[in-house]
Amino acid sequence: MNGNEALTELSFTVSGRVARPCAEAYEAVADPAQLSRYFTTAGARGRLEAGAEVQWDFADFPGAFPVVVVEADPPRRIVIEWGGEATRSEEGTTRVVFEFEPIDDDTRTLITITETSWRATVDGAKAAFGNCEGWVGMLAALKAWVEHGVNLREGFYR
């Protein structure tokens, strides 16, 4: 894409490194008990396995969010779809891809999160920016949790 082409869809990619092997980083996302400790602060129900529909709850956004697991390839990749505002899909969902790349002889993991499918509108931009902020926070919280046992979200939103 060059700078003169019209946008048809908004997306973003964020990434961060954690000092844990790839399999441990993957489990910190796929396992609902672990995810609930640092991200889904009101609870997660269901393991992220291909074909599953799970629920995520956040203390800062009351109500359950249904999450459909499109793909799960331990310990390298998870693809989910979940509801969003101002999306391009007929289902009203966005697609989130989590990629786990071993680095430094698998003593650390590069986690990359890409979310796609918003309309190229003001409302789409607001929704995409909000989710981008959320995923950056999730990566920071994951790192603090798996490396130091600290829940960064506790008391942050309420």
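If you read the sequence shown in this note's numbering, its first letter stands for residue 44, the second for the next number, and so on.
Backbone N, C-alpha and C define an ideal beta-carbon position, used for all residues, glycine too.
Note that the coordinates shown come from a computational prediction; the quantities given were computed from them, not determined experimentally.
Item	Value
Contact belief for residue 121 with residue 91 at Cβ below 8 Å, rounded distance in angstroms	5 Å
6 Å CB neighbourhood of residue 78 in its chain, flanking five on each side removed	87
Cβ-based neighbour list, residue 128, same chain, cut-off 6 Å, excluding 5 preceding and 5 following	170
8 Å contact criterion, which residue 189 and residue 60 should meet: CB distance rounded	That belief does not hold up - the Cβ atoms of residue 189 and residue 60 are roughly 11 Å apart, past 8 Å.
Cβ contact check for the region 157-170 and the region 103-123: 3 or more pairs under 8 Å	no
Element boundaries [alpha helix (DSSP H), containing residue 172]	165-191
Those runs of the alpha helix (DSSP H) which lie wholly inside the region 61-112 and span at least 4 residues	65-73, 75-81
Host beta strand (DSSP E) of residue 145 (start-end)	136-146
Bounding residues of the beta strand (DSSP E) (the contiguous stretch that carries residue 155)	151-161
Contact belief for residue 102 with residue 84 at Cβ below 8 Å, rounded distance in angstroms	4 Å
Residue 179 beta carbon less than 7 Å from that of residue 187	no
Residue 71: CB within 6 Å of a non-hydrogen atom of the ligand HEM	Annotation note on the ligand HEM: not contained in the displayed structure, which lists no ligands.
Separation of residue 143 from residue 68, as counted between CA atoms	7 Å
Distance between beta carbons of residue 82 and residue 98, contact taken as under 8 Å	That belief does not hold up - the Cβ atoms of residue 98 and residue 82 are roughly 13 Å apart, past 8 Å.
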